[in-house]
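*Asks:*
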Amino acid sequence: VAYLTIFHILFVLFVWTYWKSIFTLPVQPDKKFHMSYADKERYENEERPEVQRQILAEIARKLPVYTRTGNGGIRFCDRCQLIKPDRCHHCSVCAICVLKMDHHCPWVNNCIGFSNYKFFLLFLAYSLLYCLYIAATVFKYFIKYWTGELTNGRSKFHVLFLLFVAVMFFVSLMFLFGYHCWLVSRNRSTLEAFSAPVFQNGPDKNGFNLGFIKNLQQVFGEEKKLWLLPVVSSQGDGHFFPMRALCEAQNPLLANEEQWEDDGIDEEPHGKATLKEISCVLMRSD
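Here the sequence shown stands for residues 319 to 604, numbered as in the numbering used here.
(1) Can you list, in chain order, the residues of its chain whose CB lies under 7 Å from that of LEU480, leaving out five sequence neighbours each side?
(2) Is it right to say LEU528 is buried, meaning 16 or more other beta carbons lie within 10 angstroms of its own, or is it exposed?
(3) With 16 other CB atoms within 10 Å as the buried threshold, where does TYR336 fall?
(4) Per the contact definition of three or more C-beta pairs closer than 8 Å, is the stretch 334 to 353 in contact with the stretch 514 to 528?
(5) Does the beta-carbon of ASP581 have 16 or more other beta-carbons within 10 angstroms, so that it is buried, or is it exposed?
(6) Flag this pair as yes or no: are the beta carbons of TYR444 and PHE332 separated by less than 8 Å?
(7) Please go through the same chain and pick out, in chain order, the residues whose beta-carbon is closer than 6 Å to the beta-carbon of LEU450, but skip the five residues on each side of it.
(8) If you follow the beta strand (DSSP E) that ILE414 is in, where does it begin and where does it stop?
(9) Should CYS409 be listed as close to the ligand ZN, given that the test is whether its C-beta is under 7 Å from any heavy atom?
(10) Classify TYR497 as buried or exposed, calling it buried when 16 or more other Cβ atoms lie within 10 Å of its own Cβ.
(11) Can you list, in chain order, the residues of its chain with a C-beta nearer than 6 Å to that of PHE329? Leave out the 5 residues immediately preceding and following it.
(12) Restricting to Cα atoms, I'd like to know which of LEU501, ASP404, ILE373, GLN370 is closest to MET561.
(13) Quick one: give me the first and last residue of the beta strand (DSSP E) that HIS407 is part of.
(14) Quick check: what's the CA-CA separation for CYS395 versus ILE340?
(15) Once the 5 residues before and after LEU446 are set aside, which same chain residues still bring their CB inside 7 Å of it?
(16) Quick one: measure Cβ to Cβ for SER433 and LEU343, integer angstroms, because I've assumed they're closer than 8 Å.
(17) Which residue's Cα is closest to the Cα of LYS532: ASN519, GLY554, PRO548?
(18) On the criterion of 16 or more Cβ atoms from any shown chain inside 10 Å, does HIS326 qualify as buried, or is it exposed?
(19) Taking just the CA atoms, how far does GLY431 sit from HIS407?
(20) Can you tell me whether HIS326 is helix, strand or coil according to DSSP?
(21) Give me the residue from PHE460, VAL426, VAL383 with the minimum Cα distance to ILE392.
(22) Identify the continuous alpha helix (DSSP H) that holds ILE430 and give its terminal residues.
(23) Cβ of ILE373 within 8 Å of Cβ of GLU364?
(24) If I'm right that CYS409 touches CYS423 with Cβ under 8 Å, what's the distance once you round it to whole angstroms?
(25) Which class does PHE517 belong to by DSSP, given the choice of helix, strand or coil?
(26) Between the Cα of CYS499 and those of PRO367, ALA375, PHE538, PHE517, spot the shortest distance and give me the residue it belongs to.
(27) Using the Cα positions of ILE414 and SER552, report the straight-line distance between them to the nearest angstrom.
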């Protein structure tokens with residue numbers, strides 16, 4: 319009874335997270351990031367690239383956009399006709415721009431981004447536990463088969479097949495889940511891991527890295543009771559993300575604060591704003 323209870327709990331969580339990963343639609347940028355008809359006409363009628371960049375820069379001044387293209391220009395999607403928010407990318411499969419796009423996953427036939435990244439991580443975690451549990455419960459029957467205690471030929475095949483499939487998927491998922499755990503700890507997407515985001519001062523692979531705890535909260539939220547459930551709890555709306563570079567530019571002392579946090583020296587009481595948070599708030603109010 320205990321084995322069946324644990325099995326069905328893992329099975330329900332596995333199916334639930336898989337369902338949420340598949341049917342949670344990727345979120346597109348808000349209308350304010352789309353070009354108006356007048357701006358679109360002005361942009362398309364202009365043939366000089368430098369003037370086009372100036373037009374995009376004028377439009378982007380009203381938007382919370384801080385990342386740039388490789389040559390320092392505003393990130394613009396000519397297919398969706400919009401200014402790309404930070405960490406937003408165009409998915410060629412879905413044919414839309416996706417907020418905080420991580421990758422397009424063929425296993426769930428969906429784009430993994432801001433709206434369903436938490437669900438995807440939980441799907442990997444519960445798939446991993448599901449395969450591990452199956453392999454662990456079948457292993458004792460594999461030992462019996464190896465020692466010749468199993469006489470039924472059909473059961474031998476079932477035991478071997480089930481153990482092989484469970485172990486094979488467990489090993490594959492272990493590497494994939496471990497890689498995404500590393501990405502979350504650094505606050506990077508898969509795309510950002512391969513190509514560092516570019517800011518006004520140049521590319522910075524740790525541009526969105528706020529420290530392990532805050533990086534975790536950005537994906538799973540601040541309510542820990544919701545972390546293991548496939549319900550919406552991520553911080554923000556996917557259009558703006560706190561940036562370490564901007565905060566440190568405002569106050570150089572903040573660069574040292576992250577080092578203190580990494581060394582375990584910073585032990586601020588819960589609920590008390592850190593120097594980095596205060597600086598970010600002051601910067602955004604300017």
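Beta carbons are placed, not taken as given, at the ideal position from N, Cα and C, and that holds for glycine.
Owing to the predicted nature of the structure, the values given are computational and were not obtained by experimental measurement.
*Replies:* Let me lay it out:
(1) ILE452, VAL456
(2) buried
(3) Here TYR336 is buried: its Cβ has 16 or more other Cβ atoms, across all protein chains shown, within 10 Å.
(4) no
(5) Reliability of the predicted coordinates at ASP581 is poor, the pLDDT of 43 falling under 50, and no value is obtained from them.
(6) yes
(7) PHE488
(8) 414 to 416
(9) Absence of the ligand ZN is noted for the structure shown, with no ligands found whatsoever.
(10) With fewer than 16 neighbouring CB atoms inside 10 Å of its own CB, TYR497 falls in the exposed class.
(11) none
(12) ASP404
(13) 407 to 409
(14) 25 Å
(15) Listed in chain order, the non-local C-beta contacts of LEU446 below 7 Å within the same chain comprise PHE488, LEU491, MET492, PHE495, local neighbours out to five positions each way being set aside.
(16) Between LEU343 and SER433 the Cβ distance is about 7 Å, and since that is below 8 Å, they are a contact.
(17) GLY554
(18) exposed
(19) Roughly 10 Å separates the two Cα atoms.
(20) helix
(21) VAL383
(22) For ILE430, there is no enclosing alpha helix (DSSP H); the enclosing beta strand (DSSP E) has its first and last residue at 428 to 430.
(23) Cβ distance < 8 Å, so ILE373 and GLU364 count as in contact.
(24) Rounded to whole angstroms, the Cβ separation of CYS409 and CYS423 is 11 Å, and the two are not in contact under 8 Å.
(25) Annotated three-state conformation of PHE517 is strand, per DSSP.
(26) PHE538
(27) 22 Å
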